[in-house]
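Engineer: This structure is in structure tokens; I'll ask about it shortly.
Residue numbers (this note's numbering): 197 to 867.
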């Protein structure tokens, strides 16, 4: 058996020594450290170790990606240090509730609540943009039945946003989804909507709080004699999130004290009767004022100097996306649209994706490496539609200067957008589809719209030219290539001398040149899940999307059942149940990894139906998993299907991509 002692010692040294380690666990590919001080870790030193694929810092964890040998390396780390397995697990459990800063917790909360909604929010926003365009050119009449139906589709999701957020927030706070739905529905109930000051007409209020300020609040009604400061809660964001959180505290408390025999109806009754009045009396007004204050502050900055605001937001947007900080601006943008009918924030970031792909195109044109060209073209196309992670992690960030140049281009583009006064009138798509948000029904298409297009083109041109003629750096290219070679030796030692490719900042074996490699027998894999097939490079986790673990596809499941894609033997069943390895009878080594970072659930929601070493047949049920539990934890269910010995095949090709499939249908061919 290969010794990993020296590698283990170097890893511990690279993370700052064992005294810098709070806890250590491992999943199917990575050592997951929680460090006392991440600044003491030597990322570049770790990534050059023979046996380390890459290093990822995410979710408060310092993740050292090893690959298939991670369990052996983990054992070696424990044996060659004073890090005790039980102490490490206990420390990790203690840190679960405090592993993140307040900012990180906020970002995790917002992203967990909004991410399930963004697809429909973007889709309906795009439709609203198309309708504005159709009215502008006279292709539809505003009073026609066709327009009314399409407008209802485009506007209803935004109008009833508290209902949608109520459901999503309830899942995040781990309470009944019907509690969140009910509270959201109450907020947009017709008689409640009619109580908002804007709908009271000329009825004289009992009195007005904060008269003469932006927060003036007339009081028209009372609840049990207590004055009610009613707001317009249609399309609102923060009040329902805080309201459901407060209701979750009440529901969990009531679950403990109310007798089981009457819990089914008394817990919902008392939760609603307590939480809803508090929401209208306190939570709604206070959170609305906070949201208005945030919107007012940012809008004031834009009014004070839209150019400066554009520079700041434009240049920092890609960095914020990398760290997930952009989620913090989503509620503010939605609130701006709900309160003012437009939002200047997201409009100022429009040029960022175009600056990014401008730098990518320059790298593609100047590189001589065919694999980099292939990756760059793919990243360029996805960037057109606003998905820039492949461009960032695979092309610009590893080369540093192109990434910095793209930030400068984005800042200049943002400044121009601010100068042209471009704003967004609805929440729409990303990239090219974001243009649909820059005009509204009844408004003539003018310079703000054309200015956004001009700004994006200028940002693109600046990044392209600067990367092509200024940021070219042969030493950096050589360093990137050297890191590729090092990682290849770590991930696939037997392929020393093979070609390699750089994908999303990590590395993967490409065309094998050594003639002594023996290729496996061709075979076809069945889909292990029902759901939508996606390209592996579209997976958000760079370790999988890079191909460092092997080629394959991923599935966004619609059912929590995982089936065997081939006949073979269960070679790996992770204790938490989130990952299964199968060796097929024909020689394929297959990894099925359910969700992203689901190891953190510690087995919750996973029910294996087989054991390691079991013989399985194609289509046999391997395990069941609770999708609601995974999503409630703020995690994704996207499941990569990886051929970890891809180098032993001439080609690994998806049968279908970007299509829905049912379990047990053909999904991959191995030739």
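Glycine residues also receive a C-beta, built at the ideal position from the N, C-alpha and C atoms.
CB-CB under 7 angstroms to residue 822, same chain, minus the five flanking residues each way: which ones, in chain order?
Structural biologist: Excluding residues within five positions, the ones whose Cβ falls inside 7 angstroms are 756 and 801.
Engineer: On the DSSP letters alone, give me the boundaries of the beta strand (DSSP E) that residue 753 sits inside.
Structural biologist: Taken as a continuous stretch (DSSP letters only), the beta strand (DSSP E) holding residue 753 covers 747-753.
Engineer: With three or more C-beta pairs closer than 8 angstroms as the rule, is the segment 434-443 touching the segment 482-499?
Structural biologist: Verdict: yes, contact present.
Engineer: For the segment 420-432 against the segment 528-545, are there 3 or more C-beta pairs whose distance is under 8 angstroms?
Structural biologist: Contact between the segment 420-432 and the segment 528-545 is present, because at least three Cβ pairs lie under 8 angstroms.
Engineer: So, using beta-carbon positions, are residue 786 and residue 839 closer together than 8 angstroms?
Structural biologist: Yes; because the gap between Cβ atoms is below 8 angstroms, this pair is in contact.
Engineer: Please look up how many angstroms separate the CB atoms of residue 635 and residue 328, rounded, as I've assumed it's under 8 angstroms.
Structural biologist: Confirmed, about 5 angstroms.
Engineer: When DSSP labels each residue in this structure, what does residue 805 get in the three-state scheme?
Structural biologist: Coil at residue 805, not helix or strand.
Engineer: Please work out which residues of its chain come closer than 6 angstroms, Cβ to Cβ, to residue 719, disregarding the five sequence neighbours upstream and downstream, and give them in chain order.
Structural biologist: Excluding positions up to five away in sequence, the list reads 782 and 866.
Engineer: Tell me whether the beta-carbon of residue 546 lies closer than 8 angstroms to the beta-carbon of residue 619.
Structural biologist: No, Cβ-Cβ distance for residue 546 and residue 619 is not below 8 angstroms.
Engineer: In whole angstroms, what is the alpha-carbon distance linking residue 486 and residue 594?
Structural biologist: Going by the C-alpha atoms only, they are around 40 angstroms apart.
Engineer: Determine the burial state of residue 338: buried for a count of at least 16 other Cβ atoms within 10 Å of its Cβ, exposed for fewer.
Structural biologist: That one is exposed.
Engineer: Can you list, in chain order, the residues of its chain whose CB lies under 7 angstroms from that of residue 362, leaving out five sequence neighbours each side?
Structural biologist: Correct list, in chain order: 376, 377, 379, 380, 436 and 440.
Engineer: Nearest CA to the CA of residue 779: which residue from 733, 753, 837 and 572?
Structural biologist: Per the Cα distances, 837.
Engineer: Tell me which residue opens and which closes the beta strand (DSSP E) that residue 417 is part of.
Structural biologist: Counting along the chain, the beta strand (DSSP E) containing residue 417 begins and ends at 417-419.
Engineer: Write down every uninterrupted run of the beta strand (DSSP E) in the segment 206-247 whose length is 3 residues or greater and which is fully enclosed by it, in chain order.
Structural biologist: Listed in chain order, the complete beta strand (DSSP E) runs (minimum 3 residues) inside the segment 206-247 are 217-222 and 226-231.
Engineer: Kindly indicate the opening and closing residues of the alpha helix (DSSP H) around residue 847.
Structural biologist: Residue 847 -> no alpha helix (DSSP H), and no H or E assigned at all.
Engineer: Which residues share a DSSP beta bridge with residue 539?
Structural biologist: DSSP lists 620 as partners of residue 539.
Engineer: Whole angstroms is fine: what's the gap from residue 692's alpha carbon to residue 744's?
Structural biologist: With a pLDDT of 31 at residue 692, under the threshold of 50, the predicted position of this residue should be treated as unreliable, though the coordinate-derived value follows. When rounded, the distance between both Cα atoms is 15 angstroms.
Engineer: I'd like to know if the segment 849-866 and the segment 788-797 are in contact, where contact means that at least 3 CB-CB pairs between them fall below 8 angstroms.
Structural biologist: As far as the Cβ criterion goes, the segment 849-866 does not touch the segment 788-797, which means the pair count is below three.
Engineer: Using 8 angstroms for Cβ pairs, my map puts residue 587 next to residue 510. What's the rounded Cβ distance?
Structural biologist: Actually they are not in contact, since the Cβ atoms of residue 587 and residue 510 sit about 16 angstroms apart, beyond 8 angstroms.
Engineer: Which of helix, strand or coil does DSSP assign to residue 663?
Structural biologist: In the structure shown, residue 663 sits in a helix (DSSP, three-state: H, G or I).
Engineer: Here's a check: name, in chain order, each residue in its chain whose Cβ is nearer than 6 angstroms to the Cβ of residue 252, leaving out the five neighbours to either side.
Structural biologist: So the qualifying residues of the chain are 259.
Engineer: In the DSSP assignment, find the unbroken alpha helix (DSSP H) run with residue 258 in it and report its ends.
Structural biologist: Per DSSP, residue 258 belongs to no alpha helix (DSSP H); it is in the beta strand (DSSP E), 257-261.
Engineer: If we call anything under 8 angstroms between Cβ atoms a contact, is residue 418 one with residue 426?
Structural biologist: No, Cβ-Cβ distance for residue 418 and residue 426 is not below 8 angstroms.
Engineer: Closer than 7 angstroms: is that where the CB of residue 605 sits relative to any heavy atom of the ligand GDP?
Structural biologist: For the structure depicted, the ligand GDP is absent and the ligand set is empty, with no information on it obtainable.
Engineer: Is residue 404 closer than 8 angstroms to residue 175 when the C-beta atoms are compared?
Structural biologist: Only positions 197 to 867 of the chain appear in this structure, which leaves residue 175 out of reach.
Engineer: CB-CB under 6 angstroms to residue 268, same chain, minus the five flanking residues each way: which ones, in chain order?
Structural biologist: So the list reads 200, once near-sequence residues are dropped.
Engineer: Quick check on the DSSP output: the beta strand (DSSP E) that includes residue 403 runs from which residue to which?
Structural biologist: First-last of the beta strand (DSSP E) with residue 403: 403-405.
Engineer: Which partner residues of residue 862 appear in the DSSP bridge assignment?
Structural biologist: Note: residue 862 sits in a beta bridge opposite 722.
Engineer: Please report how far the alpha carbon of residue 603 lies from the alpha carbon of residue 550, in whole angstroms.
Structural biologist: When rounded, the distance between both Cα atoms is 10 angstroms.
Engineer: Going by Cα to Cα distance, which pick from 656, 662 and 542 is closest to residue 633?
Structural biologist: Among 656, 662 and 542, the Cα nearest to that of residue 633 belongs to 542.
Engineer: Which residues in the same chain as residue 305 place their Cβ atom closer than 7 angstroms to its Cβ, once the five residues preceding and following it in sequence are excluded?
Structural biologist: Correct list, in chain order: 368.
Engineer: Assuming residue 817 is part of the beta strand (DSSP E), what are its boundary residues?
Structural biologist: Counting along the chain, the beta strand (DSSP E) containing residue 817 begins and ends at 817-821.
Engineer: Should residue 506 and residue 465 be called a contact, given that it needs their Cβ atoms to be closer than 8 angstroms?
Structural biologist: No, the pair does not count as a contact, with Cβ atoms beyond the cut-off.
Engineer: Using DSSP's beta-bridge definition, name the partner residues of residue 424.
Structural biologist: 417, per the DSSP bridge assignment.
Engineer: Out of curiosity, what's the CA-to-CA distance linking residue 450 and residue 463?
Structural biologist: Approximately 6 angstroms between the Cα atoms of the pair.
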